[in-house]
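Quick note on numbering: the sequence shown equals residues 1 to 360 in UniProt numbering.
Each remark here refers to the structure printed beneath this line.
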Amino acid sequence: MKKKIFFIIPTLAGGGAERVFVNLVKEIDKSLYEVSLIYLSITNKVYEVPSNVREVDLKVKRVRHAPMKLLKFIRREKPDVVISTLGHMNLLLLLLKFFFPNKTKLVTRLTLIPSMSLSANPINRFIQKKTYILYKFSDKIICQSELMKDDFIKYAHISQEKVIKIFNPVDFNEILYKSKEDTQYNFCKEEKSIFFAGRLNEVKRIPLIIDAFKEYLFKNPTSKLYILGDGPKKRELIEFADDQNLSDHIKFLGFQKNIYKWLKHADLFIMASRSEGMPNVLIEAIALEVPVLVLKHPGGTEDIIKCLGLHDKFVDDLIINEVSFQNYKKDIHDKLVSNFSIKNIIEQYENVFQSVLDKE
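This is the structure:
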């Protein structure tokens, strides 16, 4: 008999965690598992879900209504495994687990490094630290990088056996297929096209990217910087670019459902984040054979760099020069597939599901 797996997420908006869940439900072995994707609310749906995956919208309009609706649904449906992602969703399900059907196992997937996501407010910081204790009620915890795993074990005071590192799955065939779509934008081959893609927030430190681009522009005045994404800092960043007299050279393209059709035109992909859990967009840029330049920061990025042997792309100072645009060695594709292919990652997730089910 097939085991019933519930993937639970707040919405299907355009974030990295949502994309990971869609990739997982798309490729998981349907001969072994009956898969459902559960949303608290299906507003702002960005990603397409295959028809052989059941979608359930709990239509939660207010957060305070979420616990009872979610618990009632789980108790009625009696899934074998519930898997959740994003901190607030994990905490809600960890609290509800006391009332789950006896057979239902809970797997939680982390998206942030605990020590780097704590509030500056001492009281909030204290509360955040205490909430990590709840994770002992999870049957398995999935972290995206070694640093995230080690950091979490330290803060949660939890057994190492409960925690496993699994990279995010990357669908290389989908990336290549979607990259063939036309942008309807006229890129000039004589210009160097430098790209950033991600949420426009403080963590991404986009002003550092703009400053590095400005320095490069002195020697290469026809270059362009393209910024893909949306976020709370967008207006401020546009004004910053205007103040630097760079508005003719920096293009803010907003949120793009298909970033691959843009990235394929990049001569360089650049990152300057303060920290990262596991930046899928970096792997995706490399999959499109786009050279990358990454300012050193803690998190899963270092795992990617080590796996792919790209130590010269992980730099102490964000300086763009001609070396930045060098192509990769021929073995880069094999390294990508062995470490991040959706087939290999799905196998690791299925092993996790089986391991918690075997504890019945």
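Each residue gets a CB set at the ideal place from its N, CA and C atoms; glycine is no exception.
- Rounded to the nearest angstrom, the gap between the Cα atoms of F353 and V81 is 7 Å.
- V170 sits away from N102, with the two beta carbons spaced by 8 Å or more.
- Every beta strand (DSSP E) of 3 residues or more that sits fully in the UniProt domain "Glycosyl transferase family 1" (181 to 306) is shown, in chain order, as 193 to 197, 224 to 228, 250 to 254, 268 to 271, 292 to 295.
- For I304, the number of other beta carbons within 10 angstroms of its own is at least 16, and it is reported as buried.
- The alpha carbon of M148 has as its nearest neighbour, out of F325, V337, P298, the alpha carbon of P298.
- Comparing C-alpha distances from Y260 to each of K140, K4, F172, N351 shows the shortest one belongs to F172.
- Proximity to I164 across D151, E191, E174, I175 peaks at D151, based on C-alpha coordinates.
- In the DSSP assignment, I319 falls outside any alpha helix (DSSP H), carrying neither H nor E.
- Pairing S338 with N327, the inter-Cα distance amounts to about 20 Å.
- As the crow flies, the alpha-carbon of L37 is around 10 Å from that of P10.
- When rounded, the separation of the alpha-carbon atoms in A17 and P221 is 38 Å.
- Residues of the same chain with a CB within less than 6 Å of the CB of C307, apart from the 5 flanking positions on each side, are N339 in chain order.
- Around the Cβ of Q184, a 10 Å sphere holds fewer than 16 other Cβ atoms; the residue is exposed.
- Counting only runs of 3 or more residues that sit fully inside the segment 57 to 114, the beta strand (DSSP E) segments are 81 to 85, 105 to 109, in chain order.
- The shortest CA-to-CA distance from E161 to any of Y135, Q256, Y177, K180 is the one to Y135.
- Fewer than three pairs of CB atoms, one per stretch, sit closer than 8 Å, so the segment 340 to 350 makes no contact with the segment 313 to 322.
- If you draw a straight line from the Cα of D312 to the Cα of L58, it comes to about 47 Å.
- DSSP places V163 outside any alpha helix (DSSP H); the residue lies instead in the beta strand (DSSP E), whose first and last residues are 163 to 165.
- Remark: fewer than three beta-carbon pairs, one from each stretch, lie closer than 8 Å, so the segment 264 to 277 and the segment 249 to 256 are not flagged as touching.
- Looking at the DSSP output, S36 sits in a beta bridge with F6, R54.
- For K154, the enclosing alpha helix (DSSP H) stretches over residues 146 to 156.
- By the CB criterion at 8 Å, L237 and L200 fall inside the cutoff.
- Take E215, set aside five residues on each side of it, and the residues of its chain with a beta-carbon closer than 8 Å to its own are I319, I320, in chain order.
- Within the DSSP secondary-structure output, F314 pairs in a beta bridge with V294.
- Residue pairing by DSSP places S341 opposite V170 in a beta bridge.
- If you look at K359, you'll find it isn't in any beta strand (DSSP E); DSSP assigns it neither H nor E.
- The criterion of a C-beta distance shorter than 8 Å is satisfied by L96 and P67.
- Secondary-structure assignment with DSSP links K140 through a beta bridge to V107.
- Annotated three-state conformation of L24 is helix, per DSSP.
- DSSP places S41 in the coil class of the three-state scheme, outside both helix and strand.
- With respect to L12, V53 sits apart: the two C-beta atoms are not nearer than 8 Å.
- Proximity to C188 across H265, K4, F195, T301 peaks at H265, based on C-alpha coordinates.
- For a cut-off of 8 Å, the C-beta gap from L94 to S138 is around 6 Å, short enough to register as a contact.
- In this structure L176 is exposed. Its beta-carbon is surrounded by fewer than 16 other beta-carbon atoms within 10 angstroms.
- The beta carbon of D316 lies closer than 7 Å to those of K296 in the same chain, with the five residues before and after it left out.
- If you draw a straight line from the Cα of V294 to the Cα of A287, it comes to about 16 Å.
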